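Enquirer: Below: one structure in structure tokens.
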Amino acid sequence: MRVLVTGAAGFIGSHLVDRLLAEGHEVAGVDDLSTGRNTRDDIDIWEMDVADPALGGRVAGWAPEVVFHLAAQVSVRVSVGDPLRDAEINVVGTANVLEAARAAGSRKVVFTSSCAVYGVPDALPVPPGARLRPASPYAASKVAGEVYAQMYRALHGLDFTTLTLANVYGPRQTPEGEAGVISIFTDALLAGRPTRVFGDGKQTRDYVYVADVVDAFLRSAGDQGGGRRFNVGTGLQTTDRDLHTLVAIAAEAPDEPEFAPPRLGDLPAMSVDAEPTREALGWAPRVGLPEGLTATVAWARSQDI
Ligand SMILES: NC(=O)c1ccc[n+]([C@@H]2O[C@H](COP(=O)([O-])OP(=O)(O)OC[C@H]3O[C@@H](n4cnc5c(N)ncnc54)[C@H](O)[C@@H]3O)[C@@H](O)[C@H]2O)c1
280 MRVLVTGAAG FIGSHLVDRL LAEGHEVAGV DDLSTGRNTR DDIDIWEMDV
330 ADPALGGRVA GWAPEVVFHL AAQVSVRVSV GDPLRDAEIN VVGTANVLEA
380 ARAAGSRKVV FTSSCAVYGV PDALPVPPGA RLRPASPYAA SKVAGEVYAQ
430 MYRALHGLDF TTLTLANVYG PRQTPEGEAG VISIFTDALL AGRPTRVFGD
480 GKQTRDYVYV ADVVDAFLRS AGDQGGGRRF NVGTGLQTTD RDLHTLVAIA
530 AEAPDEPEFA PPRLGDLPAM SVDAEPTREA LGWAPRVGLP EGLTATVAWA
580 RSQDI
């Protein structure tokens with residue numbers, strides 16, 4: 280299959296590219312390299328903004344069957360500070376990618392959303408049909424992208440599947456992303472620097488390993504799951520305090536975080552219900568947090584050499 284991956288040099292996008300190539304697919308990428316650093320010599324990664332009007336011509340020339348759209352402004356905090364730039368990349372960029380895919384005759388776009396779209400949910404784990412309550416420009420831009428994808432399917436017959444990702448972690452992750460705390464704890468603990476937990480340490484998140492997330496993308500490329508949104512997470516909540524313990528064990532470092540006042544706007548708890556994802560796509564997470572953290576810490580160690 281011939282595919283296009285936007286955000287191909289990013290954390291998740293680069294793992295997706297690795298897996299697609301390993302499975303024999305023809306892959307091209309788009310990335311403006313603003314945060315992504317993971318390029319490789321054996322595929323063409325077009326260095327351009329996803330909102331660039333010239334994207335359509337490049338996509339038409341490649342004519343991908345499936346477009347995996349991951350390129351985004353990924354920081355909630357940056358989105359609050361500069362909501363227009365966030366919308367330019369995440370809303371206009373997504374409209375540009377959908378229009379390019381339509382014009383190129385692509386069969387499907389797999390859109391990357393975030394559990395941030397649920398805001399403070401009524402119940403946990405959040406089912407994929409839960410009411411969306413975006414609490415940041417980033418989350419609002421992801422909702423807009425989802426709606427654009429639905430509209431393109433209704434208007435033009437361009438199929439889509441939306442993957443609503445929980446907090447993704449693993450090798451190559453950066454401190455800016457939604458599971459950035461793992462990267463921050465890991466780097467500090469390996470360097471012997473102090474670590475900080477905000478609030479009482481009881482805030483929770485649903486951490487899902489990047490290889491499992493990539494598996495969900497692959498399973499979304501076919502016809503199954505067309506026109507639907509799926510949660511990609513474990514359904515488990517891990518507190519910040521417990522996460523610190525687990526990273527400290529993996530890093531063989533002392534488990535002695537400092538506590539700092541809570542940060543304004545941080546959501547108290549999150550986990551997502553991925554049972555419908557299992558039913559429709561046959562997807563389930565395989566890598567538990569201790570195992571995934573061991574791999575993540577090993578990768579971080581290898582970066583210091
Ligand atoms: N990491 C997580 O926990 C998480 C959780 C939920 C959703 N997501 C979503 O997954 C996707 C990938 O995120 P990631 O964690 O790999 O982050 P990342 O920052 O590593 O990847 C994003 C990539 O997009 C590129 N990019 C940014 N702006 C661009 C633009 N204007 N034009 C072209 N390329 C641009 C960056 O250079 C980077 O390579 C994003 O859509 C993000 O919102 C991530």
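Heads up: take any position in the sequence shown, counting from 1, add 279, and you land on the working numbering. From the three backbone atoms N, C-alpha and C, an ideal C-beta is built for every residue, glycine too. In this text, all values refer to a predicted model and were calculated from it rather than measured experimentally.
Just the Cα atoms here: how many angstroms apart are TYR448 and ALA342?
Expert: So the two alpha carbons sit approximately 31 Å from each other.
Enquirer: Considering only residues of the same chain and omitting the five flanking positions on each side of PRO454, which have a CB-CB separation below 7 Å?
Expert: Once the five neighbours on either side are set aside, the close Cβ partners of PRO454 are SER462, ILE463.
Enquirer: From this set, ALA414, VAL460, GLU344, HIS348, which residue's C-alpha is nearest ASP502's C-alpha?
Expert: With distances taken between Cα atoms, ASP502 lies closest to GLU344.
Enquirer: What's the C-alpha gap between VAL388 and ALA423?
Expert: Answer to the nearest angstrom: the Cα atoms are 15 Å apart.
Enquirer: Taking the Cβ atom as the reference point for each residue, do ARG459 and ARG542 lie within a distance shorter than 9 Å?
Expert: What sits at residue 459 in the sequence shown is Gly, not Arg. Not in contact: GLY459 and ARG542 (Cβ atoms no closer than 9 Å).
Enquirer: So is the beta-carbon of LYS481 under 8 Å away from any non-hydrogen atom of ligand 1?
Expert: Checking every heavy atom of ligand 1 against the Cβ of LYS481, none is found closer than 8 Å.
Enquirer: What's the C-alpha gap between ALA490 and HIS294?
Expert: Those two C-alpha atoms are separated by around 7 Å.
Enquirer: Looking only at its chain, what residues have a beta carbon closer than 8 Å to the beta carbon of ALA339, apart from the 5 residues adjacent to it on each side?
Expert: Here the set comprises ALA379, ALA382, ALA383.
Enquirer: Buried or exposed for VAL399, please, with buried defined as at least 16 other CB atoms from any protein chain shown within 10 angstroms of its CB.
Expert: So VAL399 counts as exposed.
Enquirer: Within the continuous alpha helix (DSSP H) that includes HIS435, where are the two ends?
Expert: Run containing HIS435: 416 to 435, per the alpha helix (DSSP H) assignment.
Enquirer: How many Å lie between HIS304 and GLU537 at the Cα?
Expert: Going from the Cα of HIS304 to the Cα of GLU537 covers about 47 Å.
Enquirer: Give me, in chain order, the residues of the same chain whose beta-carbon lies closer than 6 Å to that of ALA474; leave out the 5 immediate sequence neighbours on both sides.
Expert: According to the sequence as given, residue 474 is Thr; it is not Ala. PHE464, ALA467, PRO536.
Enquirer: Hey, could you find the ends of the alpha helix (DSSP H) SER293 is sitting in?
Expert: Note, SER293: alpha helix (DSSP H), 290 to 301.
Enquirer: Taking 9 Å as the threshold (C-beta atoms), are THR440 and ARG508 in contact?
Expert: Result yes, Cβ atoms of ARG508 and THR440 sit closer than 9 Å.
Enquirer: At what residues does the beta strand (DSSP E) containing THR443 begin and finish?
Expert: Start and end: 438 to 444.
Enquirer: Can you give, in chain order, each stretch of the alpha helix (DSSP H) that sits fully within the segment 347 to 389 and has at least 4 residues?
Expert: Counting whole runs of 4 or more residues, the segment 347 to 389 contains the alpha helix (DSSP H) stretches 355 to 360, 362 to 366, 372 to 382.
Enquirer: At a cut of 8 Å, does the segment 354 to 366 reach the segment 319 to 333 through at least three beta carbon pairs?
Expert: No, they do not touch.
Enquirer: Identify the continuous alpha helix (DSSP H) that holds LEU469 and give its terminal residues.
Expert: Start and end: 459 to 470.
Enquirer: For the beta strand (DSSP E) that contains ALA539, what are its first and last residues?
Expert: First-last of the beta strand (DSSP E) with ALA539: 537 to 539.
Enquirer: Tell me where the beta strand (DSSP E) around HIS487 begins and ends.
Expert: Going by the sequence as given, residue 487 is Val instead of His. Looking at the DSSP string, the run of the beta strand (DSSP E) that includes VAL487 is 486 to 488.
Enquirer: List the residues that DSSP assigns as beta-bridge partners of GLY308.
Expert: Looking at the DSSP assignment, GLY308 forms a beta bridge with VAL284, ILE324.
Enquirer: Roughly how far, in whole angstroms, is the beta-carbon of PRO404 from the beta-carbon of VAL566, given that I think they are within contact range, below 8 Å?
Expert: So it is not a contact: roughly 18 Å between Cβ atoms.
Enquirer: Is LEU312 near ligand 1, with its Cβ less than 8 Å from a heavy atom?
Expert: Yes; taking the cut-off as 8 Å, the Cβ of LEU312 has a heavy atom of ligand 1 nearer than that.
Enquirer: Quick check on THR556: does DSSP put it in helix, strand or coil?
Expert: Correct three-state label for THR556: helix.
Enquirer: What's the C-alpha gap between THR232 and HIS348?
Expert: This structure cannot settle anything about residue 232, because the visible part of the chain is limited to 280 through 584.
Enquirer: Which one of VAL282, ARG281, VAL296 has the shortest CA to CA distance from ALA288?
Expert: Closest option to ALA288, Cα to Cα, is VAL296.
Enquirer: What span of residues does the beta strand (DSSP E) with VAL551 cover, start to end?
Expert: Taken as a continuous stretch (DSSP letters only), VAL551 belongs to no beta strand (DSSP E), as it is neither H nor E.
Enquirer: Under a Cβ-count criterion, where at least 16 other Cβ atoms within 10 Å of its own Cβ denotes burial, should GLY315 be classed as buried or exposed?
Expert: Flag for GLY315 reads buried.
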